[in-house]
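Working notes for the structure below.
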Amino acid sequence: MPATDRGKALHRMAHQIREERLDLARWETLDCGKPLAESLADMDACADFFSYYAEIAPKALESESLPVPEDGVSSHLTKEPVGVVGCITPWNFPLMQAVVKVAPALAAGCSVVLKPSPWASLTCLHLGRIAASSGVPPGVLNVITGGPPGGDAGVILGQHPDLDKLSFTGSGPTGQALLHASAENLRPTSLELGGKSAMIVLEDADLESCVDWAMVGIFLCTGQVCSATSRLLVHEAVADRFLGALVDATRHRLRVGDPLDPETNMGPCVSREQLEKINRAIESARVEGCEALLGDPEEWLSPAVAASGGFYVAPQIFKAPLESSLWNEEVFGPVLAVHTFSTDDEAVALANATCYGLANCVMGSSTDRVRRVSASLRSGVVWENCNQPLYPSTPFGGCKQSGFGREYGHLGLEEFVSHKTTISADPGFCWNWYQPSTTPDK
1 MPATDRGKAL
11 HRMAHQIREE
21 RLDLARWETL
31 DCGKPLAESL
41 ADMDACADFF
51 SYYAEIAPKA
61 LESESLPVPE
71 DGVSSHLTKE
81 PVGVVGCITP
91 WNFPLMQAVV
101 KVAPALAAGC
111 SVVLKPSPWA
121 SLTCLHLGRI
131 AASSGVPPGV
141 LNVITGGPPG
151 GDAGVILGQH
161 PDLDKLSFTG
171 SGPTGQALLH
181 ASAENLRPTS
191 LELGGKSAMI
201 VLEDADLESC
211 VDWAMVGIFL
221 CTGQVCSATS
231 RLLVHEAVAD
241 RFLGALVDAT
251 RHRLRVGDPL
261 DPETNMGPCV
271 SREQLEKINR
281 AIESARVEGC
291 EALLGDPEEW
301 LSPAVAASGG
311 FYVAPQIFKA
321 PLESSLWNEE
331 VFGPVLAVHT
341 FSTDDEAVAL
351 ANATCYGLAN
361 CVMGSSTDRV
371 RRVSASLRSG
381 VVWENCNQPL
391 YPSTPFGGCK
401 QSGFGREYGH
411 LGLEEFVSHK
421 TTISADPGFC
431 WNWYQPSTTP
441 DK
């Protein structure tokens, strides 16, 4: 399929998603429990991603001339589709996590086998339908489903010897298993795994906006976000004032309930398994001496919501010792761990003291100071005076145990491109390396 035709097909997919955004958003909400407003925003982002890669698809594989220091010789670098790509995606942003892989892969000319999470695969199945109706040839985008107990299709896909590239987003243990399978086949693999991101609030920060960004960072998608800023580092000079404002805002602004209710801004967890995991982390926090700041969690659930049988969990904010599991381990839920600091160097050291390196955020009024702190943080993404915004053009990915490879932007497309170097000599050119001996006969 020519590059210009790929771009046109991606534009049609973007248009179709915009046309169906309400239906797709409702299916997403029913599948994974996020509030409808969040799902609608996700659908808009999915359409924007297809539009972005549609624009760059025509030039995605342009060759590049390379300088060489020899007369009669030229060289160029050719970009080619990497081949058949396996994409394994999670349940927290079902369609969006698929699109950030599928859109650049299609733009690069690859064929894709997409394996969504068994917990939330409905919108990804519709993505296959949208691709077919948008002119993507049969067999170019293939969506497969399946998971325990009938056998995990993702494991089978990850082990397949004919796969040319694997792109995975999900948990660390699963990523390690897939990387091991890829190692046996020497297959290029990109991993976007977990995180324990920190939000640093300097004493000169605008505390009102910091409260809002802190809530976004931990309560969006019920905290089930790999880049969630689940650690909050607050300068000791403003800690009491800031935490008081954060607790008050959480009490008065956060409404847990039916995700289809427009008044709800935090829905249920995706599954009973995830709910139980979060509750175990909360109980461990209490046992380890973490101080709860939000009081009785039962007050967050209305009688109707509590009696519904849904997988609802109350938000939690804890003052957490540095040695606690809550401070060090990913919860993947609406549970915030708080600690104070006295100097910028201490804040950086505490933020970096984790095995993860996905994202961090710094809040302060001095741009130079914020930039200094930001430059010292070991993570693939740093937000300055904001938290969680991502755009089609901004590469996203981590370091350390948060994985490797990049999604979004031109780097996201490069993940699905292979490079071929061609060196050409003029006819008759040779080095004359092996000439007849000129040594006189003896």
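To convert, note that position 339 of the sequence shown is 339 in the UniProt record's numbering; the numbers rise steadily by one, no gaps.
Using N, Cα and C, we set each Cβ at its ideal position, and we do this for glycine too.
### Query
Tell me, which residues are paired with Y434 by DSSP?
Looking at the DSSP assignment, Y434 forms no beta bridge with any residue, so it has no partner.
### Query
Are the Cβ atoms of G217 and Q16 separated by less than 9 angstroms?
The answer is no: Cβ separation not under 9 angstroms.
### Query
Nearest to S302 by CA position, among A292, V313 and D344, is which residue?
V313
### Closest residue to L411 among P67, V100 and D31 (Cα-Cα distance)
V100
### Query
Where K34 and A183 are concerned, what is the direct C-alpha to C-alpha distance, given to the nearest angstrom?
36 angstroms
### Query
Quick one: Cα of R286 to Cα of Q97, how far?
34 angstroms
### Message
Let's test the definition: count the other Cβ atoms within 10 Å of the Cβ of C46 and tell me whether it reaches 16, buried, or not, exposed.
### Response
buried
### Task
Would you give the residue range spanned by the beta strand (DSSP E) that N265 belongs to?
Neither: N265 is in no beta strand (DSSP E) and is coded neither H nor E.
### Query
In chain order, what residues of the same chain lie with their CB nearer than 6 angstroms to the CB of I317, ignoring the 5 residues before and after it?
L293, L294 and L336
### Query
Does DSSP put K277 in a helix, in a strand, or in coil?
helix
### Task
On a CA-only basis, which of G86, W119 and L202 is nearest P188? Give me that one, please.
With distances taken between Cα atoms, P188 lies closest to G86.
### Task
Please report the residue range of the alpha helix (DSSP H) in which E192 lies.
No alpha helix (DSSP H) holds E192; the beta strand (DSSP E) holding it covers T189 to E192.
### Presumed contact (8 angstroms Cβ cut-off) between K8 and V82, rounded CB distance
About 22 angstroms; that fails the 8 angstroms criterion.
### Task
Pull up the CB-CB distance for S324 and E288, whole angstroms please, since I reckon it's below 8 angstroms.
5 angstroms
#### Entry: L166 - partner residues in DSSP beta bridges
G86 and T189
#### Entry: Bridge partners - T421, DSSP secondary structure assignment
The partner list for T421 (beta bridge, DSSP) reads L77.
### Message
In the DSSP output, which residue or residues are listed as bridge partners for N360?
### Response
A198 and V382
### Query
Taking Cβ to Cβ, would you say residue 474 is nearer than 9 angstroms to S111?
Not covered by the structure: residue 474. The range shown for the chain is 1 to 442.
#### Entry: Cβ contact check for the region 343 to 356 and the region 225 to 235: 3 or more pairs under 8 angstroms
yes
### Task
Could you tell me if R251 is buried or exposed, where buried requires 16 or more neighbouring beta carbons within 10 angstroms of its beta carbon?
exposed
### Query
If you follow the alpha helix (DSSP H) that F49 is part of, which residue opens it and which one closes it?
L36 to I56
### Message
Buried or exposed for K115, going by 16 or more other Cβ atoms inside 10 Å?
### Response
buried
### Query
With distances taken between CB atoms, is the gap from E28 to T123 smaller than 9 angstroms?
yes
### Query
What is the rounded straight-line gap between the Cα of G172 and the Cα of G158?
Rounded to whole angstroms, G172 to G158 spans 15 angstroms at the Cα level.
### Query
Going by alpha carbons, who is nearest to W300 out of P262, D261 and G257?
G257
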